[in-house]
Structures are given as C-alpha cells and as structure tokens.
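The opening position of the sequence shown corresponds to residue 207 in my numbering, with each subsequent residue numbered one higher. What follows is a set of notes on a single structure, which appears directly below.
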Amino acid sequence: MFYFLDMDLPTTARTLGLPEGTVKARLFRAREMLKSKLQRASHAPQVREA
C-alpha cells in the first residue's frame with residue numbers, strides 16, 4: 207500500500223488498523239529482506255545459454 211498505492215504512512219497505518227510505528231518497522235524489515243535477497247542473487251552463479 208505504502209509503495210504500490212503511494213499512500214503516506216498515516217493513511218497506510220489507518221487502513222491496516224495498525225500503529226504507525228508498526229507499519230514503519232514492517233516496511234524497514236521488508237526493505238532489509240529485499241536488500242538481502244538482491245545481494246544474494248547478485249552473487250549467485252550465472253547460467254549461460256550455449
């Protein structure tokens with residue numbers, strides 16, 4: 207919602223029925239997970255077609 211629907215933090219929190227701090231923490235953790243996955247993917251062996 208925050209990113210895909212371009213909602214601000216207070217609106218996202220109200221829509222989800224959560225405190226703003228919870229939404230901020232979840233967004234932070236999601237960004238960290240994505241960063242980790244992208245870093246691992248960039249170090250993965252590349253498959254080349256013959």
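Yeah, the Cβ is synthetic: ideal placement off N, Cα and C, and Gly gets one too. Treat the numbers as computed from the prediction; the structure is a model and nothing was measured.
- Residue environment for A236: exposed (fewer than 16 other C-beta atoms within 10 angstroms of its C-beta).
- Rounded to the nearest whole angstrom, the CA to CA distance from L233 to R246 is 20 Å.
- S248 and E238 have their C-alpha atoms spaced approximately 15 Å apart.
- Distance between L222 and L240, taken at the CA atoms: about 22 Å.
- Exclusion of the five residues before and after P216 leaves E226 as the residues of its chain whose Cβ lies within less than 8 Å of its Cβ.
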